[in-house]
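Engineer: Position one of the sequence shown corresponds to residue 22 (the numbering used here), numbered consecutively onward.
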Amino acid sequence: MCRHLVYLGPPVPLAALLVEPPYGLQHQSWAPRDMRGGGTINVDGFGVGWYTSAGPVRYRRAVPIWTDRNFAAIARVTVTGSLLAAVRSATPGLTVTDDACAPFSGDGWFFSHNGFVAGWPDTVAKLAERLPVTDLMTMDAPTDAAFVWVLVRNRLRAGYGPADALRATVAEVSAAAHGSRLNLLLTDGDKAYATTFGHALAVHHSPGRVVVASEPFDDDPGWVQVPDRRLVVAHPASYTVEES
22 MCRHLVYLGP PVPLAALLVE PPYGLQHQSW APRDMRGGGT INVDGFGVGW
72 YTSAGPVRYR RAVPIWTDRN FAAIARVTVT GSLLAAVRSA TPGLTVTDDA
122 CAPFSGDGWF FSHNGFVAGW PDTVAKLAER LPVTDLMTMD APTDAAFVWV
172 LVRNRLRAGY GPADALRATV AEVSAAAHGS RLNLLLTDGD KAYATTFGHA
222 LAVHHSPGRV VVASEPFDDD PGWVQVPDRR LVVAHPASYT VEES
């Protein structure tokens, strides 16, 4: 399991979202409050992807977030109005490298997967057969999360809208790998799209600002828990919760 978060709104320092909140991702890396049996800590790496006037930027490390002093310094001075970040709890047996950490990226998108693919990789081997060989050969890492991103990206490139790409991928993977947890998070820096499938998700919306996260990063009463098997479409102006 992992913990992830997307923010869209007025520009703020990365630290204001990830480090300074009492239950922010840095805190969740060692003391998450809602793992639902999917491990106990998230110390197998972290990553942040944010958008700038020059394009998307990504920073990933296969170390606990609190041990990276370089990131702590970067987070205090780097300001953005849109980001996706995650801390990782690796599925047992899967690689722990920088490239295995979310967010995964491509074509202007950032993506994260909180959960696991049950029976990986055997259960989804048939799904791989329809993908371009080069996509499989250039996967970031031999992990279930990286593979789910390849499935989503393939649909985006085929012309699916982002919400439909997530819906179809969750349906396909869950049918092939029963018992999977598939909370997916996708953003292009303008809107965010998220699924709940076996794990928690919360939304905090205020005028001109929205946060979608695995769990609330503070005790503000404005957080709204998203029911299971839903799809969230979020924008700073509004958000919707739909059937997945």
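Even glycine gets a Cβ: it sits at the ideal position worked out from N, Cα and C.
I'd like to know whether the C-beta atoms of Asp128 and Arg81 end up nearer to each other than 7 Å.
Structural biologist: As a first step, residue 128 is located in the sequence shown; it is residue number 107 there, counting from the start. As a first step, residue 81 is located in the sequence shown; it is residue number 60 there, counting from the start. Their beta carbons are not under 7 Å apart, which means Asp128 does not touch Arg81 by this criterion.
Engineer: What does a CB cutoff of less than 8 Å around Ala189 pick up in its chain, not counting 5 residues either side in sequence?
Structural biologist: If you number the sequence shown from 1, residue 189 lands on position 168. If we look at Ala189 and ignore the five residues flanking it on each side, its Cβ neighbours are Arg176, Tyr181.
Engineer: In whole angstroms, give me the CA-to-CA distance for Ala121 and Pro228.
Structural biologist: Taking the first residue of the sequence shown as position 1, residue 121 is located at position 100. Taking the first residue of the sequence shown as position 1, residue 228 is located at position 207. Roughly 35 Å between the two C-alpha positions.
Engineer: Run through the stretch 53-140 for me and flag every whole alpha helix (DSSP H) of 4 or more residues, listed as ranges in chain order.
Structural biologist: 90-98
Engineer: What residue ranges within the stretch 136-166 form continuous alpha helix (DSSP H) runs of no fewer than 4 residues, ordered along the chain?
Structural biologist: 146-149, 154-158
Engineer: Could you say if the stretch 244-264 and the stretch 157-167 meet the contact criterion of at least three C-beta pairs nearer than 8 Å?
Structural biologist: no
Engineer: Straight-line CA distance for Val253 to Ile95?
Structural biologist: Here residue 253 is taken as the residue at index 232 of the sequence shown, counted from 1. Here residue 95 is taken as the residue at index 74 of the sequence shown, counted from 1. Near 30 Å, if we compare the C-alpha coordinates of Ile95 and Val253.
Engineer: Over the uninterrupted alpha helix (DSSP H) stretch that includes Ser50, give me the two end residues.
Structural biologist: Here residue 50 is taken as the residue at index 29 of the sequence shown, counted from 1. Note, Ser50: alpha helix (DSSP H), 46-51.
Engineer: For the alpha helix (DSSP H) holding Val194, just list the boundary residues, first then last.
Structural biologist: For this step, residue 194 is matched to residue 173 along the sequence shown. Here the alpha helix (DSSP H) through Val194 covers 183-197.
Engineer: Going by CA-CA distance only, name the one from Arg151, Glu150, Val171 that's closest to Thr159.
Structural biologist: As a working mapping, residue 159 is identified with position 138 in the sequence shown. Ranking Arg151, Glu150, Val171 by Cα distance to Thr159 puts Val171 first.
Engineer: Rounded to a whole number of angstroms, what is the C-alpha to C-alpha distance between Val64 and Pro113?
Structural biologist: The count along the sequence shown starts at 1 and reaches residue 64 at position 43. The count along the sequence shown starts at 1 and reaches residue 113 at position 92. Answer to the nearest angstrom: the Cα atoms are 13 Å apart.
Engineer: With a threshold of 7 Å on Cβ separation, who are the neighbours of Gly140 within its own chain once the five nearest residues in sequence on each side are excluded?
Structural biologist: The residue you call residue 140 lines up with position 119 of the sequence shown. Within the same chain, Gly140 has close Cβ partners Ala198.
Engineer: Give me, in chain order, the residues of the same chain whose beta-carbon lies closer than 8 Å to that of Val33; leave out the 5 immediate sequence neighbours on both sides.
Structural biologist: Translated into the one-based positions of the sequence shown, residue 33 becomes position 12. Closer than 8 Å at Cβ, skipping near neighbours: Val100, Thr101, Gly102.
Engineer: In angstroms with no decimal places, state the Cα-to-Cα distance between Trp244 and Asp89.
Structural biologist: The residue you call residue 244 lines up with position 223 of the sequence shown. The residue you call residue 89 lines up with position 68 of the sequence shown. One C-alpha to the other measures close to 29 Å.
Engineer: Output the distance between the C-alpha atoms of Phe132 and Ser201, rounded to the nearest integer angstrom.
Structural biologist: In the sequence shown, counting from the first residue as 1, residue 132 sits at position 111. In the sequence shown, counting from the first residue as 1, residue 201 sits at position 180. If you take the alpha carbons of Phe132 and Ser201, they lie about 18 Å apart.
Engineer: Using only the alpha-carbon positions, how far apart do Trp87 and Ala36 sit?
Structural biologist: What you label residue 87 is simply residue 66 of the sequence shown in a count that begins at 1. What you label residue 36 is simply residue 15 of the sequence shown in a count that begins at 1. Straight-line Cα distance between these residues: approximately 12 Å.
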